[in-house]
Amino acid sequence: MAKEQANWARGITMRPGDRWYTGWVYLLPGFFIFAALVLYPLGLTFWYSFHDWAGIGRPVWLGLGNYLKLFQDKLFWQGIFHNLQFVIFYSIIPIVLGLVLSSILHQRWFKGVTLFRTLLFLPQILPMVLIGIIWRWLYSPVNGPINQILKAIGLKALARPWLGDFDWALPSLGIVATWYFYGFCMVVFLAGIQKIEPHLYDAAGLDGASALQQFWYITLPDLRREIGVVMMFTFITALKVFDVVFVTTRGGPGDSTLVTSLYLYEKAFKQKAVGYGASIAVILTIFTILIALFLRRYQERKV
Amino acid sequence: MKRFLLYAVLILFTLTILVPFFLTLLTAFKTQPELAKGVFTLPERLNWQNFTDAWTQGHFNIYFVNSLIVIIPVVILATLFSILSAYALAHLPLPGRSIVFALFLLGLIVPLEGLIIPLYYTLRSLKLLDTYWALILPDVALSIPFGSYLLWASFKGAPQSLVDAAVLDGASRSAILWRVLVPLSRPTINVLIVFFFIWNWNDFLLPLILISKDELRTLPVGLAFFQGRYTVNIPLLAAGATIVSTPLIIIYLIFQRQFIRGLTTGIE
Amino acid sequence: MKKLLIGLLLLLSVASAQTLKEWDLLNRGVTNSVQEQLNKEFLEAHPGVTIERNSMSFDDLIATVNLALSSNDPPDIAMVNQGANDMGAAVKAGLLLNLDTYAEKYGWADLYSSKLIDRFRWSDDHKFGIGHLYGMASTAQFVGVYYNKAIFKQAGISIPETFEEMQTSFASLKAAGITPLAYGNLEGWPGIHLYSSVQHLFSTTEELDELIFARGGTWITDGNIEAARIIQDWVKQGYLTEGFSGIGYDDSWGLFLQGQAAMMITGTWITGEFVSNPDIGFFLMPPLAANKGTIPPHIAGTEVPFTISVNSKNADLAAEYINFMHSPRAADLWLEAGLVPAMKADESLIQEGSLVADTYIAWQKINEANAMGHYIDWATPSFYDTTTSAIQQLEASRVTPEEFVAILDKDFQEHLSKQ
């Protein structure tokens, strides 16, 4: 980041007609709307979180009251824990699959790279709500395709009410996320691999390194940046899962798929516990920023 | 043999992506009794009734227009403001530059959940809830940090000699931006437009909370309520899903290069 | 672009006339058409008025209605579920109009029993069941047992007189390869009705009143535990539709309508969808053998009530609308469609031996026996979430019956201590 900041300042010189504030003339329209609708509400979230408020009337100052309650709130911690479980499905599995698939596509003999790339990337352009609705049907125990296929191939024992099963509901939703993200990871990695000098592979090939060795010693180290970036993006996405849970299980069965965002929505907008909802938002925000900074630092150290 | 296996792996993965879409499309053409016979059986004839029902009963005609009414100003304003901000950050004297940069970075990371509650009450006090502005303004605001950041890098990368030459010709500040930098950054701007389009078109949480009138809902939220109303009429739901996805898929197949570049650089 | 302009123009023109924005959950086939018809007739009687109707599922309604009511342009009339979770929160947040003056003007208090109307009341000090009126609903709804006469005949069973008999019939149906009860609990709320139908058999109406209006008491009772044990037993015996935890409510009644189960325990809001199948009949939950011959408490009340937004610019018109929804004409339309109106209706519309007749008579019996129980999710602001989650856990044997009632009681006692 230090390097980037130095960059920001380089090459900027006063020219005839410039005033010291010229930059602000250009920046202001965008920055104003950003400050008014992002920064200001962000600060206000902190302010709300110290109050008891039903969205109307005078907020009552609570100090840290909401937070003390939140830290003892079992449902909140369950939500966080589920978000972390989703990280496996949003981040880790898609990255592994993406690495494997991109190194296959990168083989020189491979034909049809563009076709596969286009098709595997497809889910990314569609709204998660749509994906959730399609999968809700795929998982349905009433003539849902997945159970029908299992029964047809003699695996009836595996058929189950996927989204209604305490053990399977979260992984089932997780699989939807994996399905949504792995093609995306693959495309990012493929772009990264294509930047690697081909002669590295040639030299390794001459030395008799197997494809696996080439992957381990050349591809993987050179993809650190891409992996870091994808990791950060998918990790943060897993922390704020909402759409797919909202259109499928709404947190059930029991609370087995309750996630932080959904809990926030229920508290702040449904039950009108605005201050309490804000304290959830604050924790989620801080958590996200910490994760982002951590992953960013990690990524920089490696590069 | 090894190659054959690897092709098979790729094809298998591609099928897992395509089969759900294919089944949805197939189901959209069936009647409910036909679906009861099995998921993979073909309908006797193409039944367009589901599509016309979804289009009118499901209000997709309204949602579609709403999505357009929102997306057009969002993409135009977000792109314009991003260009202006990026120019200021990259080439102009700007006191507080590093603070602005840090705030934009914060804007890139912070989750929407972190500001949605006060956003709701702020827009309510401005009497903007349940108007198109309730979507347009926050969408633009949330898009600016990313756009500024991406274009800043692009403007910064423009050859200094071209900029210097323009200054020697006596070009004004705005002429340098619009005649030199913007044409040079055309590919990045295209990527940005694609990114803004997809990101805001597919947005769910924001319109779910800020819009409660059905006549103003956009496609993703409309689709979610549509599902609530017709949970058991799977062919009708499938038709609704097809209506929502088809235009996106067609645009994607035409501009797939820009899409893939847009969404992958989008995260970096 | 042209379409865009037309869309904009349409929106503008609609906004300028006197418009009633109405939110309801009457989204299923038959109930939906009755509501459409009522709206049409209201418009005919009120030229120059338009209605913007927004109809959605129960889940979507409870997830969004309080949000909509606090918006800048709230619905004038909205169905808001009774109880602390929804109406209670809305009243506390100052979102709903006090309907006392309208109730007096139109005489709503005389339309039906005060026992029902009290459920729309919240006092100034936020007590449930007394004080100001905030809503009105026009159909009576109660939970009982729908059954398939053809399947009963084929299996050689008759309407059970006791709960024990009913369980015996479950066993014999199951042995014959027939699913005894159609059930789907993906959304969680159908579980409230299944559990508390049984739970009510072990309770008195006084005990239930005390719990639901949060006046005191405890959920940890032998009866509540026994009811939980029975539900777990039904799951273990396979009496409920296979895979019920992943099946939505609409799917489950669809299965019952198609004859894929012998019975279904649910509320009379669904009668309209069942009248198309002449094999379907209805009976009340049979009492425990010890109480044979009596009517046990039943989950009973009304449809989710219509309320008026405190910010409605057309409050008088909205009240007129609600009054029309309680007119004799509305009562007749509901009855014809198969739903029991809460108000008096023309009984000659009922065909003898029909499903509607079954439910109509059942409603009279509940009233005569003073056997009106409650929807248990009304008790506290978080009780809907607590009970739906706890019942799903109970059904999946994640908790024991004792742990189950302890979960309910913990939420309840916390709420009591705050009052």
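Chains as they are written, first to last, in this note's numbering: chain A, 27 to 329; chain B, 2 to 269; chain C, 4 to 422. Glycine included, each C-beta is placed from N, C-alpha and C at the ideal position.
For residue i: DSSP bridge partner residues
i: residue 462 of chain C; result: Nothing about residue 462 of chain C can be read from this structure; chain C reaches only from 4 to 422.
i: residue 304 of chain C; result: C:144
i: residue 112 of chain B; result: Residue 112 of chain B pairs with nothing; no bridge assigned.
i: residue 131 of chain C; result: C:125
i: residue 86 of chain A; result: A:78
i: residue 310 of chain C; result: C:81
Proximity test, Cβ basis, 7 Å: residue i and chain B
i: residue 70 of chain C; result: yes
i: residue 156 of chain A; result: yes
i: residue 59 of chain C; result: yes
i: residue 151 of chain A; result: yes
i: residue 48 of chain A; result: yes
i: residue 328 of chain A; result: Low local confidence applies: a pLDDT of 48 at residue 328 of chain A is under 50, so the model's placement there is unreliable, and no value is given.
i: residue 31 of chain A; result: Because the pLDDT of residue 31 of chain A is 39, which lies under 50, any placement of that residue in the model is unreliable, and the number read from its coordinates should be weighed accordingly. Yes, residue 31 of chain A counts as interfacial toward chain B.
i: residue 74 of chain C; result: yes
i: residue 30 of chain C; result: yes
Closer than 7 Å to chain A by CB, residue i
i: residue 17 of chain C; result: Its pLDDT being 46, under 50, residue 17 of chain C is placed unreliably in this model, and the value from its coordinates should be taken loosely. Cβ-Cβ to chain A under 7 Å: no for residue 17 of chain C.
i: residue 86 of chain B; result: yes
i: residue 396 of chain C; result: yes
i: residue 111 of chain B; result: yes
i: residue 95 of chain C; result: yes
i: residue 275 of chain C; result: no
i: residue 199 of chain B; result: yes
i: residue 261 of chain B; result: yes
i: residue 253 of chain B; result: yes
i: residue 158 of chain B; result: no
Interface flag, residue i vs chain C, CB-CB below 7 Å
i: residue 281 of chain A; result: yes
i: residue 188 of chain A; result: yes
i: residue 81 of chain A; result: yes
i: residue 126 of chain B; result: no
i: residue 270 of chain A; result: no
i: residue 59 of chain B; result: no
i: residue 137 of chain B; result: no
i: residue 55 of chain A; result: no
i: residue 168 of chain A; result: yes
i: residue 98 of chain A; result: no
i: residue 28 of chain A; result: Residue placement at residue 28 of chain A cannot be trusted, given a pLDDT of 40 that sits under 50; what the coordinates show is reported in the next sentence. No, no contact with chain C.
Other residues of its chain near residue i: CB distance less than 6 Å, five sequence neighbours each side excluded
i: residue 231 of chain C; result: 397, 404 and 407
i: residue 127 of chain A; result: 212
i: residue 239 of chain B; result: 25, 28 and 29
i: residue 133 of chain C; result: 124 and 126
i: residue 197 of chain B; result: 76, 79 and 144
Neighbourhood of residue i by C-beta, 8 Å cutoff - its chain only, sequence neighbours within 5 removed
i: residue 88 of chain A; result: 76, 77, 78 and 301
i: residue 360 of chain C; result: 353 and 354
i: residue 195 of chain A; result: 188, 189, 275, 278, 279, 282 and 283
i: residue 230 of chain A; result: 239, 240, 243 and 244
i: residue 221 of chain C; result: 412, 415 and 416
Cβ neighbours of residue i in the same chain (closer than 7 Å, five flanking residues each side left out)
i: residue 121 of chain A; result: 211, 253, 256 and 257
i: residue 179 of chain C; result: 158
i: residue 19 of chain B; result: none
i: residue 197 of chain C; result: 186, 234 and 268
i: residue 231 of chain B; result: 237 and 238
Residue i: CB within 6 Å of a non-hydrogen atom of the ligand SAH
i: residue 242 of chain B; result: The ligand SAH is absent from the structure shown, which contains no ligand whatsoever.
Can you list, in chain order, the residues of the stretch 300-323 of chain A whose Cβ is nearer than 7 Å to any Cβ on chain B?
-> 300, 303, 304, 307, 310, 311, 314, 315 and 318
Is there contact here, the stretch 154-173 of chain C with the stretch 314-330 of chain C, by at least three beta-carbon pairs under 8 Å?
-> no
Using a beta-carbon distance cut-off of less than 7 Å, what residues from the stretch 195-225 of chain B approach chain A?
-> 199, 203, 205, 206, 210, 221, 224 and 225
Would you say the stretch 297-306 of chain C touches the stretch 111-124 of chain C, given that touching needs at least three Cβ pairs under 8 Å?
-> yes
Do the stretch 235-246 of chain A and the stretch 179-194 of chain B touch if we need at least three Cβ pairs shorter than 8 Å?
-> no
Members of the stretch 10-31 of chain B near chain A, C-beta cut-off 9 Å | 10, 11, 12, 14, 15, 17, 18, 19, 20, 21, 22, 24, 25 and 28
Segment contact, 8 Å Cβ cut-off, at least three pairs: the stretch 188-195 of chain C with the stretch 149-166 of chain C = no
Three CB pairs or more closer than 8 Å across the stretch 229-247 of chain B and the stretch 69-78 of chain C | no
Three or more C-beta pairs closer than 8 Å, one from the stretch 271-287 of chain C and one from the stretch 28-39 of chain C: is that the case here?
-> yes
Output, in sequence order along the chain, the residues in the stretch 253-266 of chain C whose CB is closer than 9 Å to any CB in chain A.
-> 254, 255, 257 and 258
Touch check for the stretch 217-234 of chain A and the stretch 135-144 of chain A: three-plus C-beta pairs under 8 Å?
-> no
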